[in-house]
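With our numbering, the residue at position 126 of the sequence shown is 501, and numbering never jumps. Quick reminder that beta carbons are idealized off the backbone N, C-alpha and C, glycines included. Here is the structure we will look at, set down as structure tokens.
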Amino acid sequence: MAVGAVALAAACPAQAAERVVLRNGYSLTCDHVERTGSRVQLFLDPGSKNFIEVNAKEIIAERPAPAEAKAVAVKKSGTGQKQKPEDLHDVLVREGRKHDIDVALLESVIEVESGGNSRAVSPAGAQGLMQLMPGTAAKLGVKNSFASAQNVRGGTAYLDSLLTRYDNNLALALAAYNAGPGAVDRWHGIPPYPETRRYVARVIHDYNLRYEARARAQHALMASAAAIH
């Protein structure tokens, strides 16, 4: 399963973004929020199609999103055990550069898809780090989905193709990665499947955390360098 010019982490423009914290520990940066009775729709972009619906009781806090989370450029920028971070990171850097996709986003997809287990197999038959279905893997030229480098190469290429297909809309690309592009096209947006909506929310949440941690580290490094001079 499986980002064209620029897509937004949490797909939210700077002028309207707000952070919503959910009771289950997830937080989402949303474009806007709409309420209907006890149901709350968290919109991931300025349109009306792509949203995650939750019960109002599941929201424990709403606040303006941090500046760095409002317009995050996604692009431009076999043992059965978890892959060694340094080895996997090298693969991700190479494929991320090739497809112009943020390594942190690839890391988030892998974390949600397989937890970093290169031998993971889903009940539906998806395999490896980025959980490629056998048919999809074959079309991508992946001969062994349990070989980490092959799996990441194929999964990154697939994600790139979905971002291109959906005009760099990260939420739609992730929904298609999970449920298939046919479902996204049929529903003209994120399908109303609980699993798919949870998947999109989890990947975006994880990516936001990784991006913000990187931004804080870069800020600290710059501050340290400035203090030396």
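### Task
Alpha carbon to alpha carbon, how far is A546 from H580? Give it in angstroms, no decimals.
11 Å
### Message
Can you give me the C-alpha to C-alpha distance between E587 and G503, rounded to a whole angstrom?
### Response
27 Å
### Message
Quick test of the definition: if touching needs 3 or more C-beta pairs under 8 Å, does the segment 473-484 touch the segment 527-546?
### Response
yes
### Task
Go to R561, then tell me how far its beta strand (DSSP E) extends in each direction, as first and last residue.
R561 -> not in any beta strand (DSSP E); alpha helix (DSSP H) instead, spanning P556 to W562.
### Query
Is the beta carbon of V466 sitting closer than 9 Å to the one on S523?
yes
### Task
Could you have a look at Q506 and say whether DSSP puts it in helix, strand or coil?
coil
#### Entry: Sub-9 Å separation of V396 and A436 beta-carbons
yes
### Task
Output yes or no for whether 9 Å exceeds the beta carbon distance between L463 and G471.
no
### Task
Pull up the CB-CB distance for M505 and V484, whole angstroms please, since I reckon it's below 8 Å.
6 Å
### Query
Counting along the chain, where does the beta strand (DSSP E) carrying E433 start and finish?
Here E433 belongs to no beta strand (DSSP E), and DSSP marks it neither H nor E.
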